[in-house]
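See below for the structure under consideration.
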Amino acid sequence: MGTEKNVQGNTALKYVSLVTLTVQNSAVALSMRYARTRPGDMFIASSAVVVAEFVKLLASLLLVYKQEGSIQHWFMTLNTQIWQQKIDTLKVCVPSFIYLIQNNLLYVSASNLDAATYQVTYQMKILTTAMFAVLILHKQLRGTQWLSLLLLTFGVALVQLSSVDKGVTAANIGQNRLLGFVAAVSACCCSGFAGIYFEKILKGSDVSVWVRNVQLSFLSVPLGVMTSYANDYAAITDKGFFYGYDAYVCYLVVLNAVGGLLVAMVVKYADNILKGFATSLAIVISTVASVFLFDFVITFQFAIGTTLVIGTIFLYSHEPKKPASNPMSGNWALHVGLPSTLLADKEAGQHRRWKELTLLYSSILLTKLIFTVQHLA
Ligand code: C5P
32 MGTEKNVQGN TALKYVSLVT LTVQNSAVAL SMRYARTRPG DMFIASSAVV
82 VAEFVKLLAS LLLVYKQEGS IQHWFMTLNT QIWQQKIDTL KVCVPSFIYL
132 IQNNLLYVSA SNLDAATYQV TYQMKILTTA MFAVLILHKQ LRGTQWLSLL
182 LLTFGVALVQ LSSVDKGVTA ANIGQNRLLG FVAAVSACCC SGFAGIYFEK
232 ILKGSDVSVW VRNVQLSFLS VPLGVMTSYA NDYAAITDKG FFYGYDAYVC
282 YLVVLNAVGG LLVAMVVKYA DNILKGFATS LAIVISTVAS VFLFDFVITF
332 QFAIGTTLVI GTIFLYSHEP KKPASNPMSG NWALHVGLPS TLLADKEAGQ
382 HRRWKELTLL YSSILLTKLI FTVQHLA
């Protein structure tokens, strides 16, 4: 009975985290683009990255407290799993630093690419994640997965080429598209490596995902301050660390922090297949929205490229049916740690329900978007 309740609780968390990640992914691409192109005092991007890490640290500490139930247990867990395990904590330095570089690169990319191109290009992280999964985790890929990775690269190239001779709009004056593209591709490499490395340490020990996130942000904050000063010393000493901060920048910082926690939650409660659904849906939403918000023009080539990217995400994520005798082989089963029989019974139905939910949810979002745009017009 108790286990049944747990299953329902985890299922609810799975859907909540996926749906929220979809909304967050759509919102963050548009919001970052707006923040870097709007008129007025421009905030220092590296400072926004550090503040987001700090927000994540506080949130992760709170989540560990919620997990432990009392101040005493909270303190003991942090002491035994972080302070007394110094080597283990240092291991988290690697993804922590890489994520920091990634988060800075994403600002460079958002400053130089339109929101739609930025987000489609950033989907190449599926390719880099697969590459590092093969190299580090020795994962074997199916033929359809290699094919989907090839098509993905082709789709991204189409999207990139479609916007090469785009007219100059108010939002893209003074931008360097090549720099934006290189930054996005480098962020994909960081995402793939850090994601797989983090998965390796998460699965290789009993330490909870929130404790891992405390370690991650605990190291990111000082590393971020150093990187920020190394990159923007002149701007920080001249204008101040919080130059250009207003309510909108605070919203962006919190949105980015929430995104990081959602990624961690999706890894824990869902799986990569479902994360693919969430991010591909987010591309559609932000592409449609940038048409209205940033005068983005959808060309035939862009549409084909985006369709290819979304299609390949589904192709890559499609898993042939596994034999019933091995229900624990699913990735998420290991994270959630549920009894195998319950998992086997529920998994197929849950995937079907998620597809229905995705369709329903995307229709609601698109309808809302059209109404909002009509209202603004
Ligand atoms: O999936 P993707 O690589 O795009 O997401 C990475 C983002 O999530 C980074 O901003 C990173 O700081 C954050 N993250 C996190 N906690 C994790 C994993 C990622 O905050 N456990």
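Heads up: the sequence shown begins at 32 in my numbering, then just goes up one per residue. Just so it is clear, CB atoms sit at the ideal spot from N, CA and C, and this is done for glycine as well.
Which ranges does the alpha helix (DSSP H) cover as unbroken runs of at least 4 residues, wholly within the stretch 208-275, from first to last along the chain?
Given a length threshold of 4 residues, each whole run of the alpha helix (DSSP H) inside the stretch 208-275 is given here in chain order: 208-234, 240-270.
Using 10 angstroms around the beta-carbon of Gly336, count the other beta-carbons present and answer buried if the total reaches 16, otherwise exposed.
By the neighbour-count criterion, in which a residue is buried when 16 or more other Cβ atoms sit within 10 angstroms of its Cβ, Gly336 is buried.
Near Leu92, what residues of its chain come up, given a Cβ to Cβ distance below 7 Å and the 5 sequence neighbours on each side ignored?
Excluding sequence neighbours, Leu92 sits near Val245.
Could you tell me the alpha carbon to alpha carbon distance between Val199 and Ala79, rounded to whole angstroms?
Confidence is the limiting factor: at Val199 the pLDDT is only 48, short of 50, which leaves the residue's position unreliable, though a coordinate-based value still follows. Between Val199 and Ala79, the alpha-carbon positions lie close to 28 Å from each other.
Roughly how many angstroms lie between the CA atoms of Gly211 and Val298, to the nearest whole one?
Cα to Cα, the separation comes out at about 28 Å.
Closest to Val187 by CA distance: which of Lys170, Met162, Met155 is it?
Out of Lys170, Met162, Met155, Met155 has the C-alpha closest to the C-alpha of Val187.
Consider the C-beta atom of Tyr130 and the heavy atoms of the ligand C5P; say whether any pair is separated by less than 6 Å.
For the ligand C5P, at least one heavy atom lies less than 6 Å from the Cβ of Tyr130.
Does the stretch 246-260 come within contact of the stretch 81-90, defined as at least 3 CB pairs closer than 8 Å?
Yes, since at least three Cβ pairs between the stretch 246-260 and the stretch 81-90 fall closer than 8 Å, the two stretches touch.
Within its chain, find whatever has a CB closer than 6 Å to the CB of Ser217; leave out the 5 residues flanking it on each side and keep chain order.
For Ser217, where only same-chain residues beyond five positions count, the Cβ hits under 6 Å are Leu136.
Return the CA-CA distance between Leu324 and His104, expressed in angstroms with no decimal places.
Looking at the two C-alpha atoms, the distance is approximately 48 Å.
Compute the minimum distance between the beta carbon of Ala295 and the heavy atoms of the ligand C5P, and state whether it is under 6 Å.
Yes, the beta carbon of Ala295 sits closer than 6 Å to at least one heavy atom of the ligand C5P.
The stretch 55-74 in contact with the stretch 283-290 per 3-pair CB rule at 8 Å:
Yes, the stretch 55-74 is in contact with the stretch 283-290.
Quick one: grab the DSSP three-state call for Ile75.
For Ile75, the secondary structure class from DSSP, reduced to helix, strand or coil, is coil.
So, helix, strand or coil for Arg69, using DSSP?
Three-state DSSP puts Arg69 in coil, outside helix and strand.
Nearest candidate by alpha-carbon position, reference Thr343, set Ile157, Thr318, Val59, Arg64
Checking every option, the nearest Cα to that of Thr343 belongs to Ile157.
Thr148 classed as buried or exposed, judged by whether at least 16 other C-beta atoms fall within 10 angstroms:
For Thr148, the number of other beta carbons within 10 angstroms of its own is at least 16, and it is reported as buried.
Is Ser239 near the ligand C5P - that is, is its Cβ less than 6 Å away from at least one heavy atom of it?
Not under cutoff, so the answer is no.
Drop a sphere of 10 angstroms on the beta-carbon of Asn134, count the other beta-carbons inside from all chains shown, and report buried for 16 or more, exposed for fewer.
In this structure Asn134 is buried. Its beta-carbon is surrounded by 16 or more other beta-carbon atoms within 10 angstroms.
Contacting residues, own chain, Cβ-Cβ under 7 Å from Phe128 (five flanking each side not counted)
Within its own chain, the residues whose Cβ lies closer than 7 Å to the Cβ of Phe128, once the five positions on either side in sequence are excluded, are Leu254, listed in chain order.
Which of helix, strand or coil does DSSP assign to Thr111?
DSSP places Thr111 in helix when its eight states are reduced to three.
For Leu144, which three-state DSSP category applies?
Leu144: coil per DSSP, three-state reduction.
Look at the alpha carbon of Met296 and the alpha carbon of Thr51, and state the distance between them as a whole number of angstroms.
Their Cα atoms are separated by approximately 11 Å.
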